[in-house]
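Read through the structure below, which is laid out as structure tokens, and then see the notes.
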Amino acid sequence: MTTINWLTLLVREIKYFTNFENKMYQFLLFFQPLMFLSIVYFLNEYRGDINDGRFVIASALISMWSYVLYSSGSALTSQKWSDTLKLLLVSPVSLSAILMTKVISNSFIAMFSMLLSFIYAKFIFNFKVEIASYTLFSIAILVLILSLSVMGLILAIVFVAFQNVYDYQNLILTPMVLMCGVFIPVEQFPLVVKVVSYIIPMTWGIKSVYEALQLSSPIYTTMTISILISLFYLLAAFFIIKRIELLLRKTGKLGAI
Amino acid sequence: MSKIIEVNGLSRTYKLKEGLKTALDNVSFEVEKGEVFGLLGPNGAGKTTTIKILTTLLLPTSGEVKIFGYDVVSDSNKIRDKINFVYGGEKGVYGRLTAKEYMHYFCTLYKIKNNNQNDLINNLLTLVQLHEAENQKIHTFSKGMIQRLHIARCLINNPQLIFLDEPTIGLDPLGAKLLRDIVKQLSEKGITIILTTHYMQEADELCDRIAFIRGGKITLIGKPDYIKKSCNNLNLFEATLSINDIEKLQKENFFRNLSIKTIKEPYYIINFEANEADIEFIMKYLSNFAEVLDIKKKEISLEDAYIFHMREVINK
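Listed in order, the protein sequences are those of chains W and A. According to UniProt numbering, the first sequence is numbered sequentially starting from 1. According to UniProt numbering, the second sequence is numbered sequentially starting from 1.
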């Protein structure tokens, strides 16, 4: 598949399949940041020592992660439910390439919450969010989108592998937010949790965004690690998706890996 | 004519909790270029499994299947470029998209250049008579419109072989006729079509050759006329009677697979099968129960032949 064709597919994915009419997605993208920022606002009123910038980003990150979890997680299973999976499977584009357009599209759409968080923070709550370098911050956001997309791809696979995962997806939501260092820096975690946190690609994407905000010195290293870890997971995901395709042809079922 | 499909000793088993289930057992057949080939059989006979294997969606357990000379196991990508399929029912669409958006999405998946997409989509939607509904959301479509959209979608890659798995299921007579007309048009263009259906009249009208599949095995294969002639020893009669005691007739073992339609008491039309072929004898025998107003030996239809061949399965 040519890059142009793949980009066209990505644009069509964003244009055709972004579902702003879905009430849950409306809540996650538009209202959840408002809700979290209200909490931050009243905490600040009460304590007065809240780091505005970090918490504006944190509230955006929670919404972004929630949106990616729910939308990308069902990227593959929803095709099975609508009986469109076999149409995608016999098309000349690989399932991995199709899934990549879906998860990248979801990560881009998740960016709405980041944008909205900044707008709410500035115009409703009057928070001061100081971004030292807009260029670096933008690059860090792209790094975050890559890590979120890879997480989306992994979720899509996990949702296929475990049929009852929908019963537990809410249990994945909050621990992941905590473990990726959205609120508390990963360095402060116990060693075992720290190790697990560091192998999650999103941890490094989030770290990059926070470091870009404050222009911390290791930002380039953090971004490089984030990209490398994301690429490693991307390769692993491609391999597993190939295997899912083969198993589908062998068993005729989209089920446990 | 060249062979488009070659199936030799195809078997497929599924692992179930209860053990292995054989869906296809040593199936062999060939399909020539430009043929409309019908696969007919009861539910669970193995039709969809066959189609899934031929469309490279499922691997065979054993046997050899070649499409355009390519092996379905190792050359699936080469086959996929030249085929497409339509599954019956309302699924397989993205309801929130319009017909045009749906077609654009699949055009991109099939790597059709952006410049050519609009013309292609217009032509295909016109062919299936959906051009006026191109900007309508698919979830507002009727079953017939969805099936026609599927046909348009399956023509995007200009396939030489199309699989239609029960395409007219659940359609009203007009919708089904429209779809049959489209299938005829495609066949006239030289496209090879594999059709599965439960509607025997449809199969009779559309298919050049038919295979009966039962319990994972092909039991009969040939032109519709050949299949009908294979039941030449089947004696089917239709009689119009005036009868006072219909129950007495029902208890009579002479008339097998008896079906009774009431016109207005005491007038009935009965259909039955008999060992005896002589109509005079049958008439005489019937006279013992009723006044025979009319009697004729029925010409065997594909449906009669189907019921005759599938009887054991149907009676299970």
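A virtual CB, placed ideally from N, CA and C, is assigned to each residue, including glycine.
Whole-angstrom Cβ separation of residue i and residue j, contact assumed at under 8 Å?
| i | j | result |
| --- | --- | --- |
| residue 196 of chain A | residue 172 of chain A | Not really, about 20 Å apart at Cβ, beyond 8 Å. |
| residue 46 of chain A | residue 23 of chain A | 5 Å |
| residue 155 of chain A | residue 124 of chain A | 5 Å |
| residue 113 of chain W | residue 43 of chain W | Their Cβ separation, rounded to whole angstroms, is 20 Å, which puts residue 113 of chain W and residue 43 of chain W out of contact at 8 Å. |
| residue 83 of chain A | residue 159 of chain A | 5 Å |
| residue 121 of chain A | residue 137 of chain A | No, residue 121 of chain A and residue 137 of chain A are not in contact; Cβ-Cβ is about 16 Å, not under 8 Å. |
| residue 152 of chain W | residue 107 of chain W | 6 Å |
| residue 148 of chain W | residue 24 of chain W | So it is not a contact: roughly 18 Å between Cβ atoms. |
Among the residues of its own chain, which have a CB less than 6 Å from the CB of residue i, if the five just before and after it don't count?
| i | result |
| --- | --- |
| residue 269 of chain A | 240 and 261 |
| residue 144 of chain A | 171 and 175 |
| residue 116 of chain W | 33 |
| residue 150 of chain W | 201, 230, 233 and 234 |
| residue 267 of chain A | 242 |
| residue 140 of chain W | 208, 209 and 212 |
| residue 67 of chain A | 5 and 79 |
| residue 85 of chain W | 79 |
| residue 55 of chain W | 40 |
Which bits of chain W does residue i rub up against, with CB to CB less than 9 Å?
| i | result |
| --- | --- |
| residue 101 of chain A | 12, 15 and 16 |
How should residue i be labelled, buried or exposed, when 16 other C-beta atoms within 10 angstroms of its C-beta is the threshold for buried?
| i | result |
| --- | --- |
| residue 132 of chain W | exposed |
| residue 184 of chain W | exposed |
| residue 235 of chain A | buried |
| residue 9 of chain W | buried |
| residue 3 of chain W | exposed |
| residue 69 of chain A | exposed |
| residue 257 of chain W | Bear in mind that the predicted position of residue 257 of chain W carries a pLDDT of just 43, short of 50, making it too unreliable to give a figure here. |
| residue 222 of chain W | buried |
| residue 56 of chain A | buried |
| residue 127 of chain W | buried |
| residue 263 of chain A | exposed |
| residue 104 of chain A | buried |
| residue 48 of chain W | exposed |
| residue 226 of chain A | exposed |
| residue 249 of chain W | buried |
| residue 11 of chain W | exposed |
| residue 119 of chain A | exposed |
| residue 281 of chain A | exposed |
| residue 40 of chain W | buried |
| residue 277 of chain A | exposed |
Using C-beta distances below 7 Å, list every residue in its chain close to residue i, excluding the 5 sequence neighbours before and after it, in chain order.
| i | result |
| --- | --- |
| residue 35 of chain A | 192, 208 and 209 |
| residue 197 of chain W | 179, 180, 181, 186, 189 and 203 |
| residue 130 of chain W | 53 |
| residue 224 of chain A | 204, 207, 210 and 302 |
| residue 94 of chain A | 102 and 138 |
| residue 8 of chain A | 28, 63 and 64 |
Which partner residues of residue i appear in the DSSP bridge assignment?
| i | result |
| --- | --- |
| residue 98 of chain A | A/137 |
| residue 65 of chain A | A/7 |
| residue 97 of chain W | For residue 97 of chain W, which the question treats as bridged, DSSP gives no partner whatsoever. |
| residue 218 of chain A | A/213 |
| residue 259 of chain A | A/271 |
| residue 317 of chain A | Within the shown structure, residues of chain A are numbered from 1 to 316, placing residue 317 of chain A beyond reach of any answer. |
| residue 27 of chain A | A/10 |
| residue 235 of chain A | A/274 |
| residue 159 of chain W | Answer is none; residue 159 of chain W lacks a bridge partner. |
| residue 37 of chain A | A/194 and A/209 |
| residue 241 of chain A | A/268 and A/292 |
| residue 71 of chain A | A/66 |
| residue 58 of chain A | DSSP, once it has assigned bridges, lists no residue as partnering residue 58 of chain A. |
| residue 22 of chain A | A/13 |
| residue 32 of chain A | A/3 |
| residue 297 of chain A | A/237 |
Short of 8 Å in beta carbon distance, which residues of its chain neighbour residue i, apart from the five on each side in sequence? Order them along the chain.
| i | result |
| --- | --- |
| residue 88 of chain W | 79, 95 and 98 |
| residue 213 of chain A | 27, 39, 40, 41, 45, 46, 47, 50 and 219 |
| residue 18 of chain W | 105 and 109 |
Can you pull the chain W neighbours of residue i, defined as C-beta to C-beta under 8 Å?
| i | result |
| --- | --- |
| residue 148 of chain A | Neighbours of residue 148 of chain A on chain W: none; closest Cβ ~16 Å, over 8 Å. |
| residue 109 of chain A | 9, 88, 91, 92, 93 and 98 |
| residue 70 of chain A | Ordered by position in chain W, no residue passes the 8 Å Cβ test against residue 70 of chain A, which lies about 14 Å from the chain. |
So residue i contacts chain A; which residues on that side make the cut at Cβ distance below 9 Å?
| i | result |
| --- | --- |
| residue 19 of chain W | 96 |
| residue 250 of chain W | 58 and 59 |
Can you name the residues of chain W whose CB is closer than 7 Å to the CB of residue i?
| i | result |
| --- | --- |
| residue 139 of chain A | What residue 139 of chain A touches in chain W: nothing, since even the nearest Cβ is about 11 Å away. |
| residue 114 of chain A | 8 |
Mind pulling the chain A residues with CB within less than 8 Å of residue i?
| i | result |
| --- | --- |
| residue 90 of chain W | 55, 56, 57, 80, 83, 84 and 85 |
| residue 87 of chain W | 92, 106 and 153 |
| residue 83 of chain W | 87, 89, 91 and 92 |
| residue 5 of chain W | 108 and 111 |
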